[in-house]
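K.L.:
Numbering of the sequence shown is given in this note's numbering, commencing with residue 185 and proceeding in unit increments.
For every residue, glycine included, the Cβ atom is placed at its ideal position computed from N, Cα and C.
Supplied in structure tokens, the structure appears directly below.
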Amino acid sequence: MQDIIAVARQFIPDGEVATVREYGSGNINNTFVVTPAQGARFILQWINQRVFPEPALIMHNFRTFSEHLQARLRQDPVAPGRRWEMPAILPTRSGADYWVDVDGGFWRAVTFVEGAQTHPFIRDAAHAHEVGYALGTFHRLISDLDPTRLYDTLKGFHLVPMYLLHYDEVLQSPKVALTAPDVQHCMRVIARARQWGAVLEEARARGALQVRPVHGDPKVDNIMIDNVTGQAVSLIDLDTVKPGLIHYDIGDCLRSGCNPLGEEPDDPSGVRFETALCRAILGGYLPEAKCFLTPADYEYLYDGLRVLAFEMGLRFFTDYVEGDVYFKVRDARHNLLRALVQFKLLASIESHEADIRAIIRDLR
Ligand code: GN1
Ligand code: MG
């Protein structure tokens with residue numbers, strides 16, 4: 185591991201570092217908050233190149249969509265009295281967008297959105313509404329950015345057919361025993377869900393759904409809420425902004441936001457999908473997004489939610505069977521537990537299908 189103070193210093197034009205501490209709960213990259221002796225604190229990140237093989241392209245995308253978004257915000261600002269602030273790239277001492285250490289480690293810094301916080305779960309309907317508003321605002325601001333201007337920085341991301349192929353491969357040489365009842369349960373869920381798991385990609389192949397710029401990871405704890413007003417002020421964690429289907433984003437936001445126990449409860453048995461929160465999130469999202477949503481987009485909203493819960497369970501379970509090569513884990517059962525949570529959520533989503541479809545119809 186690099187001397188973190190020396191790394192942080194690369195992003196401070198002159199002067200010294202006061203403190204560096206680890207920050208957030210990311211499953212892939214390492215994140216720190218740096219407080220310089222003078223000036224504003226900022227976010228410093230080490231990008232995991234096992235997951236993101238070409239991190240320079242992430243920074244290229246970051247510049248492209250940030251410039252677009254800032255120009256759009258000037259033309260078409262958020263409602264009066266609202267604050268909306270996106271993290272911005274902080275250059276190195278030599279003016280570059282990132283710094284590579286002697287071991288090839290990739291580091292970059294972005295501004296800290298002050299006076300706001302992320303939350304691992306939704307507290308109430310007002311919070312849910314703001315979470316939906318944040319995703320809707322982000323989508324609105326990038327909806328007219330040509331997706332071909334963004335690189336595909338993470339091949340196969342959100343593509344369920346690819347995750348299934350990988351799962352089948354991993355099952356050929358599992359790193360864990362497959363006989364335990366929890367493991368067997370996950371395998372049965374996957375065997376059933378693979379019948380419909382490709383529904384979004386099939387719709388895209390038929391031309392029913394179109395590729396747009398997406399955030400890629402708008403789970404509830406990537407949305408910053410103002411400490412005083414309770415309003416959403418930012419959508420952070422911008423490494424996966426790239427071409428995709430907005431259904432990945434809406435599905436990810438709903439599956440994370442409408443699960444009151446969050447992604448990491450100790451006991452998955454109480455996990456459920458809360459339709460009142462779904463109504464509140466979509467109630468915040470749709471007014472911002474209706475200007476660019478097509479009739480087919482609405483048709484696939486329920487599928488987006490169902491697919492994302494399945495996709496996350498499948499990815500966590502595959503990583504468990506593969507020996508924890510992708511997500512950070514605290515112990516050997518962590519990924520299995522995460523998968524069980526998502527599969528419990530999936531069952532709850534399916535049991536509420538009629539209500540969820542009715543909510544979408546009402547809000548359309
Ligand atoms: C990963 O590292 P983090 O928490 O930002 C993952 C997302 C998952 C999420 C689940 C690039 O995001 O797809 O939804 O974990 N990111 C990547 O918490 O795989
Ligand atoms: Mg992320």
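(1) Measure the C-alpha to C-alpha separation of residue 314 and residue 410 and round it to an integer number of angstroms.
(2) So for residue 222, helix, strand or coil by DSSP?
(3) Take the Cβ of residue 359 as the centre, count every other Cβ of all protein chains shown within 10 Å, and call the residue buried at 16 or more, exposed below.
(4) Relative to the C-alpha of residue 331, which candidate in 542, 398, 226 has its C-alpha closest?
(5) Report all residues for which the CB-ligand distance to some heavy atom of the ligand MG is below 7 angstroms; order them along the chain.
(6) Measure the CB-CB distance between residue 329 and residue 252 and report whether it falls below 7 angstroms.
(7) Rounded to the nearest angstrom, what separates residue 310 and residue 291 at their Cα positions?
(8) Span of the alpha helix (DSSP H) holding residue 385?
(9) Smallest Cα separation from residue 474: which of 353, 215, 322?
(10) With a CB to CB cut of under 7 angstroms and the five nearest residues on each side skipped, what residues in its chain are close to residue 244?
(11) Tell me whether the beta-carbon of residue 497 lies closer than 7 angstroms to the beta-carbon of residue 531.
(12) Can you give me the start and stop residues for the beta strand (DSSP E) that residue 428 sits inside?
(13) Does DSSP classify residue 346 as helix, strand or coil?
(14) Tell me the rounded alpha-carbon separation between residue 293 and residue 226.
(15) Where does residue 274 sit, in a helix, a strand or coil, going by DSSP?
(16) Determine whether the beta carbon atoms of residue 438 and residue 420 lie at a separation below 7 angstroms.
(17) What residue range does the beta strand (DSSP E) around residue 205 cover?
(18) Should residue 345 be flagged as near chain B, meaning a C-beta pair shorter than 7 angstroms?
(19) Measure the C-alpha to C-alpha separation of residue 452 and residue 373 and round it to an integer number of angstroms.
(20) Would you kindly work out how many angstroms separate the C-alpha atoms of residue 529 and residue 345, rounded to a whole number?
(21) Could you check which residue in 211, 193, 546 has the C-alpha nearest to that of residue 509?
(22) Name the two residues that bound the continuous alpha helix (DSSP H) containing residue 479.
(23) Name the one or two DSSP bridge partners that residue 410 has.
P.N.:
Concretely, from the data shown:
(1) C-alpha of residue 314 to C-alpha of residue 410: approximately 10 angstroms in a straight line.
(2) The three-state reading of DSSP puts residue 222 in coil, since its state is none of H, G, I, E or B.
(3) Under this definition residue 359 is an exposed residue.
(4) If you compare the alpha carbons of 542, 398, 226 with that of residue 331, the shortest gap goes to 398.
(5) Those satisfying the condition are, in chain order, 210, 212, 401, 406, 421, 423, 424.
(6) When the beta-carbon positions are compared, residue 329 and residue 252 come within less than 7 angstroms of each other.
(7) Spanning the two alpha carbons is a distance of roughly 36 angstroms.
(8) According to the DSSP assignment, residue 385 belongs to the alpha helix (DSSP H) that extends over 383-389.
(9) Residue 322 holds the alpha-carbon nearest to the alpha-carbon of residue 474 among 353, 215, 322.
(10) Take residue 244, set aside five residues on each side of it, and the residues of its chain with a beta-carbon closer than 7 angstroms to its own are 335, in chain order.
(11) No; because the gap between Cβ atoms is not below 7 angstroms, this pair is not in contact.
(12) Note, residue 428: beta strand (DSSP E), 426-428.
(13) Residue 346 sits in a helix when the DSSP states are folded into three classes.
(14) Their Cα atoms are separated by approximately 7 angstroms.
(15) Correct three-state label for residue 274: strand.
(16) Remark: C-beta atoms of residue 438 and residue 420 do not approach each other more closely than 7 angstroms.
(17) First-last of the beta strand (DSSP E) with residue 205: 201-206.
(18) Of the chains in the structure shown, none is chain B; there is only one protein chain.
(19) CA-CA distance, residue 452 to residue 373, rounds to 15 angstroms.
(20) Inter-residue distance for residue 529 and residue 345 is about 21 angstroms (C-alpha atoms, whole angstroms).
(21) Each of 211, 193, 546 was checked against the Cα of residue 509, and the nearest Cα belongs to 211.
(22) Residue 479 -> alpha helix (DSSP H) spans 479-483.
(23) BP columns for residue 410 point to 300.
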